[in-house]
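The opening residue of the sequence shown carries number 1 in the numbering used here; numbering runs sequentially from there. Note that beta-carbon positions come from the ideal geometry of N, C-alpha and C, so glycine has one too.
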Amino acid sequence: MLPLSCQSSTLRVLVADDHELTRFSLKLALANQENIELVGLASNGLEAVEMVQRHHPDVIILDLQMPVMDGLSASNQIKHIAPSTQIIAYSSLEEPKLRENNQLNNMDAFCRKDTSTPELIALVREIGARNMK
Numbered sequence: 001m002l003p004l005s006c007q008s009s010t011l012r013v014l015v016a017d018d019h020e021l022t023r024f025s026l027k028l029a030l031a032n033q034e035n036i037e038l039v040g041l042a043s044n045g046l047e048a049v050e051m052v053q054r055h056h057p058d059v060i061i062l063d064l065q066m067p068v069m070d071g072l073s074a075s076n077q078i079k080h081i082a083p084s085t086q087i088i089a090y091s092s093l094e095e096p097k098l099r100e101n102n103q104l105n106n107m108d109a110f111c112r113k114d115t116s117t118p119e120l121i122a123l124v125r126e127i128g129a130r131n132m133k
C-alpha cells in the first residue's frame, strides 16, 4: 500500500535578495522545514519575476533594495502575473516609513531582516496558508 501524499499542503517558497549570504542563510533555514519547498533563489527583482513565471511559488521573501529591479517594482509585476502569490517585504528599512508612502501596496506582509528565523518561518507559514484554503 502506497502512503498518501499531501503534496498540495507543501508551500512553495522563492527567496529574492541581492546578498549571497542572506540567500544562503534563508536557503538553509527553509531546507529543513516540513511542508516547505524552496523553489528558487533570485539575486534581483528581474530574476524573481522570471522565477515566478517558471516556478509558481506560494510565498516570496522579497528584499526591497536590489540591483537591476528593486523589490517594489518586482512586486508590481509579480502581482500582475500571479495575484494570489503572497509576498513578504524583507528589509532593513522601517515599515512605517514605507507604509506612509504607500510603497508596500503589493506586499502581503513585512518582515525586518533582524527578525529571528523562527518568526520568519512562522510568517511564511501564516501567509502561505492563505493560498491553501
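{"Item": "DSSP state of Gln53 mapped onto helix, strand, coil", "Value": "helix"}
{"Item": "Check whether Ala48 and Leu14 have beta carbons under 8 Å apart", "Value": "yes"}
{"Item": "Nearest neighbour of Ala16, chosen from Glu50, Asn35 and Thr10 [CA to CA]", "Value": "Glu50"}
{"Item": "Which listed residue (Ile87, Asn35 and Met66) has its alpha carbon closest to that of Ile127", "Value": "Ile87"}
{"Item": "Rounded C-alpha distance that separates Leu41 from Asn105", "Value": "23 Å"}
{"Item": "Beta-carbon contacts of His55 that lie in its chain and below 6 Å, excluding the five residues immediately before and after", "Value": "Val39 and Gly40"}
{"Item": "Met66 versus Asn32: straight-line alpha-carbon distance, rounded", "Value": "27 Å"}
{"Item": "Own chain partners of Ile121 with C-beta closer than 7 Å, once the 5 adjacent residues on each side are dropped", "Value": "Ala29 and Gln33"}
{"Item": "Close beta carbons around Ser91, own chain, < 6 Å, minus the five adjacent residues each side", "Value": "Leu64"}
{"Item": "Status (buried if at least 16 other CB within 10 Å, exposed otherwise) for Phe24", "Value": "exposed"}
{"Item": "Option nearest Val59 by Cα separation, candidates Asn35, Asp70 and Met69", "Value": "Asn35"}
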